[in-house]
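Colleague: Residue numbers for the sequence shown follow UniProt numbering, beginning at 1 and rising by one.
Don't be surprised by glycine CBs; every beta carbon is placed ideally from N, CA and C.
My questions all concern the structure below.
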Amino acid sequence: MIDRIATRTTELLGRLTIDSRFNGPPASANGGYACGRIAAFVDGPSRVTLRKPPPLETELSVHRDDDGIMRVVADGVVYAEACSIDPGILIAPARPTMAEAEAARNRHPGNGIRHLLSDCFVCGPERSNGLHVSPGILDGHDDVTASPFVPDATVGDADGVVPSEIVWAALDCSSYPAVALQSGPICLLGRLSVVQRRPIHVGDQLVAVGWTLAVSGRKYRTAAALVDPDGVTVAQSEAVWIALTGDAS
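Structure representation (structure tokens):
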């Protein structure tokens with residue numbers, strides 16, 4: 001198990017700290033947001049693997065090792081690894097309208113109850129300063145989820161462009177396994193890759209669609225896409241989710 005950095009030649013690429021606003025579970029960062037921050041150090045499309053829950057308000061160092069892998073470290077502990085990828089093309093199994101996505105979000109099983117991810121920056125239903133991407137099962141599609149994604153000015157830059165880490169965050173919770181969403185168990189993100197095809201701006205009316213690719217034991221391999229009103233995919237992701245054991249409610 002890789003959890004401490006071994007003796008090897010490394011190049012320091014930079015440092016990052018994740019603000020407490022961008023939490024997933026209460027004491028750690030939203031996995032997709034963290035992956036997006038890390039991916040900024042990779043040239044081109046990338047995949048980020050989380051080795052431990054990414055901490056909040058903690059300085060993380062990003063190193064490139066002599067094996068070509070980037071590792072994200074604090075106090076000798078490896079929190080994540082990242083590498084470049086050659087992405088494939090994903091086709092969403094459904095292209096819901098905004099009204100259909102809103103209806104699905106209203107069916108999100110976490111609405112009105114407290115649970116581990118109630119205050120997640122992305123999917124927390126009661127999170128006033130979050131993204132409100134709370135996916136629910138799409139009507140007529142038991143294994144497809146959907147939610148609106150309409151980024152507001154609090155997540156845009158001075159030109160109204162939504163940073164890539166926010167796009168990664170939206171695609172994270174959008175890819176949550178549909179079967180786990182319906183009946184449990186709670187899952188946490190293990191790996192995420194994202195391809196963004198065009199800039200996303202504040203106020204864009206997008207629909208987030210998620211679906212499952214494969215299941216193996218506690219691992220769920222899933223995909224998600226952000227689709228514009230013309231049905232064009234503007235960003236896509238593949239993810240691996242790990243089901244928690246025991247009671248994590």
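Entirely within the segment 202-234 and at least 3 residues each: give me those beta strand (DSSP E) ranges in chain order.
Modeller: Listed in chain order, they are 206-216 and 219-227.
Colleague: With DSSP run on the structure shown, which of helix, strand or coil describes A39?
Modeller: Reduced to three states, the DSSP call for A39 is helix.
Colleague: Classify L181 as helix, strand or coil using the three-state DSSP reduction.
Modeller: Helix at L181.
Colleague: May I ask you to report which of helix, strand or coil DSSP gives T17?
Modeller: The answer is coil: DSSP assigns T17 none of H, G, I, E or B.
Colleague: Judging by CA-CA distance, which residue of W241, G124, E57 and R197 is the nearest neighbour of V234?
Modeller: With distances taken between Cα atoms, V234 lies closest to R197.
Colleague: Are A80 and V42 close, meaning C-beta to C-beta below 8 Å?
Modeller: It is not a contact, given that the beta carbons lie outside the stated cut-off.
Colleague: Taking DSSP as the reference, what is the three-state secondary structure of T154?
Modeller: In the structure shown, T154 sits in a helix (DSSP, three-state: H, G or I).
Colleague: Would you kindly report the start and end of the unbroken beta strand (DSSP E) that includes S174?
Modeller: S174 -> not in any beta strand (DSSP E); alpha helix (DSSP H) instead, spanning S164 to S174.
Colleague: Helix or strand or just coil, what does DSSP make of G32?
Modeller: Looking at G32 - three-state DSSP - the assignment turns out to be helix.
Colleague: Is A92 helix, strand or coil by DSSP?
Modeller: Three-state DSSP puts A92 in coil, outside helix and strand.
Colleague: Short of 7 Å in beta carbon distance, which residues of its chain neighbour G231, apart from the five on each side in sequence? Order them along the chain.
Modeller: Here the set comprises R95.
Colleague: Could you say which of L192, G14, P199 and D228 lies nearest to E238 if we only look at CA atoms?
Modeller: The option with the nearest alpha carbon to E238 is L192.
Colleague: Output the distance between the C-alpha atoms of M98 and L138, rounded to the nearest integer angstrom.
Modeller: So the alpha carbons of these two residues sit roughly 11 Å apart.
Colleague: Does DSSP put F121 in a helix, a strand or coil?
Modeller: Note: F121 maps to coil in three-state DSSP.
Colleague: Could you tell me which residues DSSP puts in a beta bridge with P148?
Modeller: DSSP lists V207 as partners of P148.
Colleague: Starting from the Cα of A158, find the closest Cα among S174, V202 and E126 and give me that residue.
Modeller: Of the candidates S174, V202 and E126, the one whose C-alpha sits nearest the C-alpha of A158 is V202.
Colleague: Does any heavy atom of the ligand NAP sit closer than 7 Å to the C-beta of E165?
Modeller: With respect to the ligand NAP, the structure offers nothing, as it holds no ligand at all.
Colleague: Suppose you measure from the CA of V162 to the CA of V179; what does that come to, to the nearest Å?
Modeller: Answer to the nearest angstrom: the Cα atoms are 30 Å apart.
Colleague: To which residues of the same chain is V195 closer than 6 Å at the C-beta, ignoring the five residues directly before and after it?
Modeller: Here the set comprises P45, P87 and Q236.
Colleague: Which residue wins for smallest C-alpha separation from D75, given the options L226, Q205, I186 and V62?
Modeller: Of the candidates L226, Q205, I186 and V62, the one whose C-alpha sits nearest the C-alpha of D75 is V62.
Colleague: So what does V48 bridge to, in DSSP terms?
Modeller: BP columns for V48 point to A82 and L192.
Colleague: Which residues bound the alpha helix (DSSP H) around A27?
Modeller: From DSSP, A27 is part of no alpha helix (DSSP H); its letter is neither H nor E.
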